[in-house]
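Asks: Once you've had a glance at the structure underneath, I'll fire off some questions.
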Amino acid sequence: MSSNRYIAALDIGTHTIKALVVSQKNGGDLEAVFQTQRESKGVRRGIVVKPEDVSYILQDIFNQLKTELNKKIGSLYVNIDGSHLFCQSSHGLISVSRADHKISEEDIHRVLQEAKVVSLPPLKEIFDIVPQEFIIDGERGVKEVRGLQGVKLEADILAIGGFSPYLKNHTQAILNSDFQILDRVPSPVAAAFACLTEKQKELGSAIVDMGAGTSGLAVFKEGGLIHLAILPMGSDNITQDIAVGFKTEMDLAERIKLEYGSCQPVKNKKSEKIKVEGED
Ligand SMILES: Nc1ncnc2c1ncn2[C@@H]1O[C@H](COP(=O)(O)OP(=O)(O)OP(=O)(O)O)[C@@H](O)[C@H]1O
Ligand SMILES: [Mg+2]
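Quick note: the sequence shown uses UniProt numbering, first residue 1, plus one each step.
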């Protein structure tokens, strides 16, 4: 019997909110079956500050999706962003529970939960953990522990957290729009899924996702995430500088940036005059 699986994802950005649905037939290749984007509202520097504005846009996307795909997509993956996000290394230790000392799924769950307990300032909370390595009876560097034997199981993890009220806004914006959250992925980690190969992550690499209101950094080593940081600065800062420098509106400054801006340093280039269409 053929089975079609649908996977949906949302990218809530400062500039645009994007949605993508892919389908997978019988475990085969992924095929994009729906994509759309809307101008963003209620998001400042990557943070959902007005959940009702974001919900309104998501509800609209939800309706479009239902009509075009003729299918109700209830759950999705969603990015999370903003300079309030932080990561913190932590460690857990447990005794393996089974008499034959075989490490079970339950042991792995317990050691990760143990590692997740970190002391935090008020209004900060952990929403995700990334296991980095397991240690069995002092033997470091174990990536896959299920089924191995040991007495003492330890785990090094990277805990990812954020400012609770902003996390709440983010969740509320999505839940109020008829979608459920499958998982929240920090934006630069999502960018790494798309842009870095397993080999690059294994060798060690860093990725920067420059958006309109944020620039996010994710660093990988030995295949796993080891650091994450978001700066509240992005391409909007360039637009603002153009608007101030040329004394123009933001919309025109954005057009100038897109049409004439370049990141390539050009040597000995004389200043040139540009004519912006529709402007005197
Ligand atoms: N070709 C281009 N050259 C330069 N800048 C561009 C280009 N295309 C888009 N941008 C800029 O990228 C920004 C939008 O990027 P993106 O969609 O990644 O942001 P976002 O996800 O909405 O914001 P954030 O991630 O910061 O919350 C806008 O500021 C836009 O001007
Ligand atoms: Mg973004």
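Where a beta carbon is used, it is the ideal one built from N, C-alpha and C, also for glycine.
How long is the line joining the alpha carbons of Lys-201 and Phe-246, rounded to whole angstroms?
Replies: Residue 201 sits at position 201 when you count from the first residue of the sequence shown. Residue 246 sits at position 246 when you count from the first residue of the sequence shown. Their backbone Cα atoms lie some 42 Å apart in a straight line.
Asks: Quick check: is any heavy atom of ligand 2 less than 8 Å from the C-beta of Asp-81?
Replies: As a first step, residue 81 is located in the sequence shown; it is residue number 81 there, counting from the start. Yes, since a heavy atom of ligand 2 falls inside the 8 Å radius drawn around the Cβ of Asp-81.
Asks: Beta-carbon distances below 5 Å to any heavy atom of ligand 1 define the shell here; list its residues in chain order, please.
Replies: In chain order, the hits are Gly-13, Thr-14, His-15, Thr-16, Gly-46, Gly-211, Ala-212, Gly-213, Thr-214, Gly-234, Ser-235.
Asks: Under 8 Å: does the beta carbon of Asp-100 sit that close to some heavy atom of ligand 2?
Replies: Here residue 100 refers to the residue found at position 100 when the sequence shown is read from its first residue. Result no, Cβ not under 8 Å from ligand 2.
Asks: In the structure shown, what three-state DSSP assignment does Pro-131 receive?
Replies: In the sequence shown, the residue the question calls residue 131 occupies position 131. The answer is strand: DSSP assigns Pro-131 an E or B state.
Asks: Who pairs with Gly-28 in a beta bridge, going by DSSP?
Replies: Position 28 of the sequence shown, counted from the start, is the residue given in the question as residue 28. DSSP, once it has assigned bridges, lists no residue as partnering Gly-28.
Asks: Could you pull out every residue in the same chain whose Cβ sits closer than 6 Å to the Cβ of Ala-8, ignoring the five residues on either side in sequence?
Replies: Translated into the one-based positions of the sequence shown, residue 8 becomes position 8. Taken in chain order, the residues that qualify are Val-21, Ile-73, Leu-76.
Asks: Please determine, among Pro-186, Gly-211, Thr-248, Ser-205, the residue with the shortest C-alpha to C-alpha distance to Asn-79.
Replies: What you label residue 79 is simply residue 79 of the sequence shown in a count that begins at 1. Of the candidates Pro-186, Gly-211, Thr-248, Ser-205, the one whose C-alpha sits nearest the C-alpha of Asn-79 is Pro-186.
Asks: What is the residue span of the alpha helix (DSSP H) that Gly-245 lies within?
Replies: Stepping through the sequence shown from its first residue, residue 245 is reached at position 245. Taken as a continuous stretch (DSSP letters only), the alpha helix (DSSP H) holding Gly-245 covers 235-246.
Asks: Per DSSP, which residues does Phe-34 bridge with? Please list them.
Replies: For the purposes of this step, residue 34 is taken as the residue at position 34 of the sequence shown. Beta-bridge pairing links Phe-34 to Val-21.
Asks: Could you have a look at Cys-263 and say whether DSSP puts it in helix, strand or coil?
Replies: To locate residue 263, count along the sequence shown from 1; it is residue 263. Here Cys-263 sits in coil by DSSP.
Asks: What are the boundary residues of the beta strand (DSSP E) that Phe-86 is part of?
Replies: By 1-based counting over the sequence shown, the position of residue 86 is 86. First-last of the beta strand (DSSP E) with Phe-86: 86-95.
Asks: State the beta-bridge partners of Ile-73 as determined by DSSP.
Replies: For the purposes of this step, residue 73 is identified with residue 73 of the sequence shown, where counting begins at 1. Ile-73 pairs with nothing; no bridge assigned.
Asks: Could you tell me if the beta carbon of residue 288 falls within a distance shorter than 8 Å of some heavy atom in ligand 2?
Replies: With the chain represented from 1 up to 280, any question about residue 288 goes unanswered, as that position is not in the structure.
Asks: Could you tell me if Phe-193 is buried or exposed, where buried requires 16 or more neighbouring beta carbons within 10 angstroms of its beta carbon?
Replies: Here the question's residue 193 lines up with position 193 in the sequence shown. By the 10 Å Cβ count, Phe-193 comes out exposed.
Asks: Could you check where the beta strand (DSSP E) with Ala-212 kicks off and where it finishes?
Replies: Taking the first residue of the sequence shown as position 1, residue 212 is located at position 212. Run containing Ala-212: none; DSSP gives neither H nor E here.
Asks: Give me whichever residues DSSP pairs with Ser-205 in a beta bridge.
Replies: Taking the sequence shown and counting its residues from 1, the one referred to as residue 205 is at position 205. Beta-bridge pairing links Ser-205 to Phe-220.
Asks: Give, in chain order, every unbroken run of the beta strand (DSSP E) that is at least 3 residues long and sits entirely within the region 155-200.
Replies: With a minimum length of 3 residues, the continuous beta strand (DSSP E) runs that stay inside the region 155-200 are 180-186.
Asks: Alpha helix (DSSP H) containing Ala-115: first to last residue?
Replies: Mapped onto the sequence shown, residue 115 falls at position 115. Start and end: 105-116.
Asks: Relative to the C-alpha of Glu-259, which candidate in His-109, Ser-104, Ile-274 has its C-alpha closest?
Replies: The sequence position of residue 259 within the sequence shown is 259, counting from 1. Out of His-109, Ser-104, Ile-274, Ile-274 has the C-alpha closest to the C-alpha of Glu-259.
Asks: Starting from Glu-139 and walking both ways along the beta strand (DSSP E), at which residues does that stretch end?
Replies: Position 139 of the sequence shown holds residue 139. Its beta strand (DSSP E) spans residues 139-142.
Asks: Cβ atoms of Gly-216 and Leu-228: under 9 Å apart, would you say?
Replies: Reading the sequence shown from its first residue, position 228 is the one you call residue 228. Reading the sequence shown from its first residue, position 216 is the one you call residue 216. Result yes, Cβ atoms of Leu-228 and Gly-216 sit closer than 9 Å.
Asks: For Gly-224, which of Leu-65, Ser-262, Glu-133 has the nearest alpha-carbon?
Replies: If you number the sequence shown from 1, residue 224 lands on position 224. With distances taken between Cα atoms, Gly-224 lies closest to Glu-133.
Asks: Could you tell me the alpha carbon to alpha carbon distance between Asp-183 and Asp-156, rounded to whole angstroms?
Replies: Within the sequence shown, residue 183 is the residue found at index 183, counting from 1. Within the sequence shown, residue 156 is the residue found at index 156, counting from 1. Going by the C-alpha atoms only, they are around 21 Å apart.
Asks: Tell me the DSSP secondary structure of Thr-14 in three-state form.
Replies: Taking the sequence shown and counting its residues from 1, the one referred to as residue 14 is at position 14. In this structure, Thr-14 counts as coil in the three-state DSSP scheme.
Asks: Ser-95: beta carbon under 8 Å from a heavy atom of ligand 2?
Replies: On the sequence shown, position 95 is the one that residue 95 refers to. It does not: the Cβ of Ser-95 is nowhere closer than 8 Å to a heavy atom of ligand 2.
Asks: By the three-class DSSP mapping on this structure, what secondary structure does Ile-256 have?
Replies: Walking along the sequence shown from the start, residue 256 turns up at place 256. In this structure, Ile-256 counts as helix in the three-state DSSP scheme.
Asks: For Thr-67, does the count of other Cβ atoms within 10 angstroms reach 16, so buried, or fall short, so exposed?
Replies: The sequence position of residue 67 within the sequence shown is 67, counting from 1. Its Cβ having fewer than 16 others within 10 Å, Thr-67 is exposed.
Asks: Would you mind sorting Asp-251 into buried or exposed? The rule is 16 or more other CB atoms within 10 Å of its CB.
Replies: Numbered from 1 along the sequence shown, position 251 holds the residue referred to as residue 251. Exposed.
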